[in-house]
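Those sequence lines, one after another, are chains S and X. With our numbering applied, the first sequence covers 1 to 302. With our numbering applied, the second sequence covers 1 to 379. In what follows, a single structure is set out as structure tokens and then discussed.
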Amino acid sequence: MKKKMRDSSLKGWLYLLPAVLFLGFFMVYPLVDVFVYSFEEGYNFASQTYFGTGVYNYSYILHDPYFLQAVKNTFILVVITVPLSTGIALLISVGLNSITVFRNFLQTVYFLPYVTNTLVVGLVFMILFKKTAYSDGLVNLFINWFGGSSVDFIEGPYWAKMFVLCFYTIWIVMPFKILILTSALASVNEDYYKAARVDGTSKFRIFTRITLPMISPMIFYLVITGFIGAFKAYSDAVALFGTDLNAAEMNTIVGYVYDMLYGDSGGYPSYASAAAVILFVIVLTITCINLLISKKKVVTLE
Amino acid sequence: MEVVLQNLTKKFPGRGRKNKEEVVAVDRFNFRIPDGSLIGLLGPSGCGKSTTLHLISGLLGPTDGRIFFGEDDVTELPPENRGIGLVFQNYALYPHLTVKQNILFPLENLKGKDKLSKQEMLEKALETARLVQIDGLMDRKPGELSGGQQQRVAIARALVKRPRVLLLDEPLSNLDARLRLQTREEIRRIQQETGITTIFVTHDQEEAMSISDLIVVMKDGVVQQTGKPQEVYDNPANLFVAKFLGNPQINVFHGEIKGGRLYIGEDAVLDIGDGSDDKEVYVGIRPEGFVLKADGPLFCDLRGVEVMGRDISVVSTNKASLASTVRSIISAENMSDIGGTTVGFAVRPHKVFLFDKETEERIFFKTGAAKCEMGEARE
């Protein structure tokens, strides 16, 4: 009997082997390596040499104004986009769930950004926000309409650029969230609502006491993935402001890591590693906090 | 609270291109439910019994007809203003709330002059929990309770506002056999203690017959028969009701009335007196309507005997039977009389029902006195 058990567990390991090897080579080893690099001062890829070990890399980037700017940008992005995008997606999903006419049509419309080419999206945002020789962009047209003066969203003040970046991020993550939330709402058993109706529960109370708790696992999932996704933001900023993000004051932590590796000022894998480790620690901390909160707040069904 | 259903009709529109015809789920339902009684709505799935329940609850609006609670016409009232308690088939307990919070939920919805203080609410909840004997489980979540306990919580939640009418949708279908017996007695006890008019829906005839004051048998949206369980069992209005009530099922034969006698195959089983037209009929005989009698008049091929303790069940075949076997319940004392390949029966006339072959409606006949004697002879 015992032998049999060992046999079957051996078999299990055998089945897992391809995935374990793959993940080991391409995920675990690089992760450990990054951690090691971050303590090796002045590591050079080509010669595979370094001057010494210590925390100098960390102290350098923590004093680098570009890195601090990137951290600030990333945190602003996270704090604004995660709650807003989840909240708006929830509103839209509840709306979609409560209508019958045009429901499929609207669902398709809301899902379109998800399948739209990034280049097309970039073009749309250009039309909306970019100042060209011919126009100040669609949004400025509206601002002018109401008597305001034009704002340069792409090369202008910091808040305007941050607004565009947040707007873009929220817009791009919305379809997926709506998709998840509409299916979560649809999977809530109709009988709960019937029971609540028989008891004369107000619409607001039904939403807060029944609907929200019932879909809380999905909301939680979206918040966690939203946090992680926003912390990893980079390509959106590049799409809007070009590759020289430091000059545009719009860099993110991942952007900083990339610049340190390959950018015009690149070739510093040690600094890049240290920044990556700091990002890892931030994301890990936030996710742990999320998990702790969720233990208290999220409903476990059955 | 007396509940009166007047011409209650519910039609659902057909859905899709292929299925345009509207479905009549409930067809002109007329019934008066006496105050404080327990009513079983009984029928196979799709017969409209749940729809009827939902019409009474107000979750569905009728296409036609009216519903009265006592003097009040509640047809147009939304569910929350009707004063009903509804227990769902799957209980629909809020899984994220404790038992206490679940029971409190309806009370917390009360507004204006009905609003209760925290203390009053707790008292009411506890009182109701005691009634259904779950006062020791108040801080558990529904997921930590057994099916029977969940059922009680659901009933408590429905009762806590002291509804005028309590509605139960398939209350026992999610419970195992032993719990079902226990719970149905429990429902009866709770109903009698509170005196609330209670309507429950079931497809299980035994369940309905065992605890109901009155049963309503439905088929295809049409009420087939209403009455006290025993009366309906002893006096089915048509073949459907006769077949639906009783376990084991009634035995149905092709029969013929000829010259005042009832024939099953070649066997003249009963004298039904003059005045009956000669025609082919369905003959329904309850399993307990057979009496062992070696010289007939009804002969069947013996297949086997199932011993059930107090009684035995004789399984046999007859060419005229609609089902593949004929099942009769006989006292176990007469077991020694059975042997050989054929078995002879006499029948008890009051357990024999005749039905028209076309309409399947009951045909009444006069039982001949002589046959009665013969029928009872073996007891």
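A virtual CB, placed ideally from N, CA and C, is assigned to each residue, including glycine. The structure presented is a predicted model; accordingly, all values stated were derived computationally and were not measured.
Apart from the five residues on each side of it in sequence, which residues of its chain come closer than 7 Å, Cβ to Cβ, to residue i?
i, result
"V132(X)", "R152, I155, A156 and I190"
"A369(X)", "Only weak support is given to the placement of A369(X): the predicted model assigns it a pLDDT of 41, under 50, and the value that follows is read from those uncertain coordinates. If we look at A369(X) and ignore the five residues flanking it on each side, it has no Cβ neighbours."
"L53(X)", "L41, L167, D169, I199 and V201"
"T359(X)", "none"
"S50(X)", "D169 and V201"
"I312(X)", "V305, E306, I330, A332 and M335"
With the cut-off set at 9 Å, would you say residue i and residue j are in Cβ contact?
i, j, result
"R286(X)", "I257(X)", "no"
"P297(X)", "G246(X)", "no"
"I199(X)", "A208(X)", "no"
"F111(S)", "L222(S)", "no"
"D7(S)", "Y271(S)", "no"
"L123(S)", "F129(S)", "no"
"S316(X)", "D301(X)", "yes"
"S150(S)", "I143(S)", "yes"
"P106(X)", "K161(X)", "yes"
"I278(S)", "Y58(S)", "yes"
"I330(X)", "V352(X)", "no"
"F125(S)", "P269(S)", "no"
"L270(X)", "V326(X)", "no"
"I154(S)", "K177(S)", "no"
"L93(X)", "Q150(X)", "yes"
"S212(X)", "I39(X)", "yes"
Going by beta carbon distance, what residues of the same chain come within less than 8 Å of residue i, once the five residues before and after it are set aside?
i, result
"R82(X)", "S57, G58, F69, V74, R164 and V165"
"G54(S)", "F39 and E41"
"N251(S)", "Y66, Q69, A70, N73, A237, L245 and D259"
"E108(X)", "M121"
"D135(X)", "L126 and A129"
"M186(S)", "According to the sequence shown, residue 186(S) is Ala rather than Met. Result list for A186(S): N97, in chain order."
"T81(S)", "C166, T169, I170, V173, G226 and A230"
Would residue i be called buried (16 or more neighbouring beta carbons within 10 Å of its own) or exposed?
i, result
"T118(S)", "exposed"
"V120(S)", "exposed"
"C47(X)", "buried"
"S273(S)", "buried"
"D277(X)", "exposed"
"G14(X)", "exposed"
"A377(X)", "Confidence at A377(X) is low in this model, with a pLDDT of 38, below 50, so its placement is unreliable and no value can be given for it."
"M27(S)", "exposed"
"P79(X)", "buried"
"C166(S)", "buried"
"K219(X)", "buried"
"L292(S)", "exposed"
"S45(X)", "exposed"
"G119(X)", "The sequence shown places Gln at residue 119(X), rather than the Gly named in the question. Exposed is the call here."
"Y262(S)", "exposed"
"S321(X)", "buried"
"G148(S)", "exposed"
"K10(X)", "buried"
Quick one: what's got a C-beta closer than 6 Å to residue i's C-beta in the same chain, skipping five residues either side?
i, result
"Y56(S)", "E41"
"K161(S)", "M250"
"T285(S)", "none"
"V188(S)", "M214"
"V257(S)", "A272, A275 and A276"
"V23(X)", "F12"
"M374(X)", "Legend: pLDDT at M374(X) = 39, less than 50; position of this residue unreliable, no value from coordinates given."
"P142(X)", "L93, P95 and Q150"
"A184(S)", "I215 and M218"
"F253(X)", "I264, V283, A320 and S321"
Do we get a CB-CB distance below 9 Å when we pair residue i with the residues of chain C?
i, result
"K194(S)", "Among the chains of the structure shown, chain C does not appear; the protein chains present are S and X."
Quick one: which unbroken beta strand (DSSP E) runs of 3-plus residues sit fully inside the region 46 to 102 of chain X? Chain order, please. 64 to 69 and 84 to 87
Along the region 78 to 101 of chain X, what residues have a CB closer than 7 Å to any CB found in chain S? P79, E80, I84, L86, F88, N90, A92, Y94, P95 and H96
At a Cβ cut of 7 Å, what residues of the region 98 to 127 of chain X count as close to chain S, listed as they run along the chain? F105, P106 and N109
Would you list, in chain order, the members of the region 39 to 69 of chain X that have their beta-carbon closer than 9 Å to a beta-carbon of chain S? H54, S57, G58 and L59
Given a limit of 9 Å on CB to CB distance, which residues of the region 100 to 116 of chain S reach chain X? Close to chain X, meaning a Cβ-Cβ distance shorter than 9 Å, is no residue of the region 100 to 116 of chain S at all.
Closer than 9 Å, Cβ to Cβ, to anything on chain X: give me those residues from the region 199 to 219 of chain S, in chain order. Here the close residues are D199, G200, T201, S202, R205, R209, I210, P213, M214 and S216.
Go through the region 226 to 288 of chain X residue by residue and report every complete run of the alpha helix (DSSP H) that reaches 4 residues or more, in order. Every unbroken stretch of the alpha helix (DSSP H) spanning 4 or more residues and falling wholly within the region 226 to 288 of chain X is given here in chain order: 229 to 234 and 239 to 244.
Restricting to runs no shorter than 4 residues, where is the alpha helix (DSSP H) found entirely within the region 143 to 176 of chain X? Residue ranges of uninterrupted alpha helix (DSSP H) with 4 or more members, entirely inside the region 143 to 176 of chain X and ordered along the chain, are 147 to 159.
Run through the region 190 to 226 of chain S for me and flag every whole alpha helix (DSSP H) of 4 or more residues, listed as ranges in chain order. 190 to 198 and 203 to 206
Beta strand (DSSP E) runs contained entirely in the region 288 to 375 of chain X, provided each spans 3 or more residues: 290 to 292, 298 to 307, 311 to 317, 326 to 331, 342 to 347 and 352 to 356
Within the region 227 to 272 of chain S, ranges of the alpha helix (DSSP H) (whole runs, at least 4 residues): Unbroken alpha helix (DSSP H) stretches of 4 residues or longer found wholly inside the region 227 to 272 of chain S: 235 to 241, 245 to 248 and 253 to 262, given in chain order.
Chain-ordered residues of the region 177 to 193 of chain S with a beta carbon less than 8 Å from chain X: N189, D191 and Y192
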